[in-house]
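The working numbering applies: residue 79 is where the sequence shown begins, and numbers increase by one.
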Amino acid sequence: MLLEFRVENFLSFKKEQILSFEVHEDNELEKHHYFEIKPNIKILKTAMIFGANASGKTNLLKALEFIHKITLFPKRKRELTGFVPFKFDDAYTKKPGKFKIVFYIKEIKYVYDIIIDSKVIYEEKLVYYPTLKPALIFHRKYNIEKNNFVLEVGSRIKLKSYEIHVLRANTTNVSTIISSYTKTNINFEELEKTYKWFEKFRNIIYPDNLYELADKSNKIPEYKNFLIENLKKADFNITNIETLKNYSEPPDIHFYHTVKNKTGKLKTIILKEKQGLHNNIYEGEESLGTKQLVSLLLELNDSLINNNKLGIDELGSSLHVELLLHFINIFLHTTVVFSSMMQLIFTTHNINLFDSKFIDKHIVWFCEKQSDGQTKLKSLLKFDICKDIALSEQYKKGKFGAIPKI
């Protein structure tokens, strides 16, 4: 479970910004909005990032995606890390970025820190809390003069000296210790757990993988049952979805719509979707909103089963607000049914979401671009909210900021 994410000097984030999933003491928060990891430790299931276009919402997902990739995929010596600093201040273009992730694996708290630029990892540290006090798992620090790094392993970690040497030898100056561990055959239980936790991140910048997902649902009955059931609840008349293989080409998708004719008899109509082999262009009769909801439901089902952290940019951009709320409601309640530890982070600029019973004040964050180009992230809890006025109206009057300057 993700508890906290901090980012500094990355893309539009100049100064440190904090996204927190911690539940502060509040008797108004309904139980389906959080997980209770252990007594007095509650973590939110959702974060809604709201803001104008070009305010930096997507950059927050990109920051999480950057950490996801750098912890999972080792780099070769001469590769760049993929880091991009804040570019509107010359001093910051020469500085490394800083990232911190606080998370739980079962009931154990972990804290991961990394300081990095495009050419080198300056520092990387992982600690955990097997008791009330933190214990070091590893600490890696770069030596500029020698162009290499020193690796320290905590006293609780049962590694032999040659195993530490193997781990260090397989780690370049642009690779994390976590990702480089996968290149070795050593048994490092704490790193194995951490690596598997980072594997659970899934960032969907745009949910455009309908064909891959629909084909997957065709092969796994549970996926299709989940999809059809929730499409029916959303008042779609879709009764089945099938993918038809065309050998070397992507599959066609048939949407079966069952409707009543004038005499009251049921009639099934097939609407077809075809994906171009080379140009990736959709040619079909199904609406963009329907295709997006199908993609979202299949991603949701996959993430629920695998306890993923799912990031979606501009969630429901082609959906009616009621369908969007239906999707959020499915997520909140099926996490209970599935006993899933899935978390959802999504960006939006749909102000109609503010006044829904499914959107609690704890989960709302605002992204606002400052005059110097940097993004600031603020929680709705930081504002003095008037309970007698709809949140959407308070937002329109500029109380929370994050309004387009036109």
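Glycine is no exception: its CB is placed at the ideal position from the N, C-alpha and C atoms.
Residue i versus residue j - alpha carbon distance
i, j, result
"residue 466", "residue 158", "52 Å"
"residue 296", "residue 139", "30 Å"
"residue 25", "residue 322", "Because the chain in this structure spans residues 79 to 484, residue 25 falls outside the shown range and cannot be described."
"residue 476", "residue 189", "36 Å"
"residue 374", "residue 386", "14 Å"
"residue 412", "residue 418", "8 Å"
"residue 330", "residue 148", "35 Å"
"residue 99", "residue 341", "54 Å"
"residue 112", "residue 443", "16 Å"
"residue 223", "residue 270", "32 Å"
Sequence-distant residues of the same chain with beta carbon closer than 6 Å to residue i, five excluded per side
i, result
"residue 408", "308"
"residue 124", "422 and 441"
"residue 366", "396"
"residue 201", "193 and 219"
Status (buried if at least 16 other CB within 10 Å, exposed otherwise) for residue i
i, result
"residue 195", "buried"
"residue 482", "exposed"
"residue 239", "exposed"
"residue 449", "exposed"
"residue 425", "buried"
"residue 414", "exposed"
"residue 468", "exposed"
"residue 278", "buried"
"residue 228", "exposed"
"residue 36", "Nothing about residue 36 can be read from this structure; the chain reaches only from 79 to 484."
"residue 257", "buried"
"residue 326", "Interpretation of residue 326 is limited by its pLDDT of 49, a score under 50 that renders its predicted location unreliable; the figure taken from the coordinates is listed afterwards. Exposed, since its Cβ has fewer than 16 Cβ neighbours within 10 Å."
"residue 303", "exposed"
"residue 253", "buried"
Spatial neighbours of residue i in its chain, beta-carbon cut-off 7 Å, leaving aside the 5 residues before and after
i, result
"residue 107", "101, 438 and 440"
"residue 266", "237 and 259"
"residue 110", "410, 411 and 414"
N- and C-terminal bounds of the beta strand (DSSP E) containing residue i
i, result
"residue 85", "80-86"
"residue 124", "124-129"
"residue 241", "Looking at the DSSP string, residue 241 is not in any beta strand (DSSP E); the run it does join, the alpha helix (DSSP H), is 239-247."
"residue 98", "95-98"
"residue 226", "226-231"
Close-in-space but distant-in-sequence residues of the same chain around residue i (CB under 8 Å, 5 per side omitted)
i, result
"residue 186", "206, 207 and 208"
Start and end residues, alpha helix (DSSP H) containing residue i
i, result
"residue 404", "399-415"
"residue 144", "135-150"
"residue 258", "255-258"
7 Å Cβ cutoff, residue i in contact with chain D
i, result
"residue 230", "Given the protein chain composition of this structure (a single chain), no chain D is represented."
Report task. Could you tell me whether the stretch 210-230 touches the stretch 116-134, where touching means 3 or more Cβ pairs closer than 8 Å? Result -> The stretch 210-230 vs the stretch 116-134: no contact.
Query raised in the report: Touching or not, the stretch 83-98 and the stretch 146-163, by the rule of three or more beta carbon pairs under 8 Å?
Result: Taking 8 Å as the limit for Cβ pairs, the verdict is that the stretch 146-163 does touch the stretch 83-98.
Requested in this report: May I ask you to verify whether the stretch 143-150 touches the stretch 427-434, counting CB pairs closer than 8 Å and requiring at least 3?
Outcome: Too few Cβ pairs lie closer than 8 Å, so no.
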